[in-house]
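S.K.: First residue of the sequence shown? That's 23 in the numbering used here, and the numbers climb one at a time after it. No residue lacks a Cβ here, since even glycine has one placed at the ideal position from N, Cα and C.
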Amino acid sequence: MLEPRLDNRPCGGKYADIVESIGHTPLVELRRLSPKPGVRIFAKLESYNPTGSVKDRVA
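#1: Can you look up V50 in the DSSP assignment and give me helix, strand or coil?
#2: Taking Cβ positions, are V41 and A65 nearer each other than 8 Å?
#3: For S56, count neighbouring Cβ atoms within 10 angstroms of its own Cβ and tell me buried if that reaches 16, exposed if not.
#4: Let me make sure I understand the geometry here. Which of P48, R62 and P59 has the alpha-carbon closest to that of N71?
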């Protein structure tokens, strides 16, 4: 189940160019994978990036 956003940044918004969309990858909490109470695990939805899972910076 998707969790509410952790901040107020837009998700899937409209941008003037592709560069503006970088850095807004949505997160989803994986509650069932939490090893103990108080531990929160999140996954990034890389498929929502404009280029898929291609990195937007050089390592």
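M.R.: Taking the structure as given:
#1: If you number the sequence shown from 1, residue 50 lands on position 28. Assignment of V50 by DSSP, reduced to helix, strand and coil, places it in the strand class.
#2: Within the sequence shown, numbered from 1, the residue matching residue 41 stands at position 19. Within the sequence shown, numbered from 1, the residue matching residue 65 stands at position 43. No, they are not a contact pair.
#3: Translated into positions along the sequence shown, residue 56 becomes position 34. Exposed.
#4: Translated into the one-based positions of the sequence shown, residue 71 becomes position 49. Checking every option, the nearest Cα to that of N71 belongs to P48.
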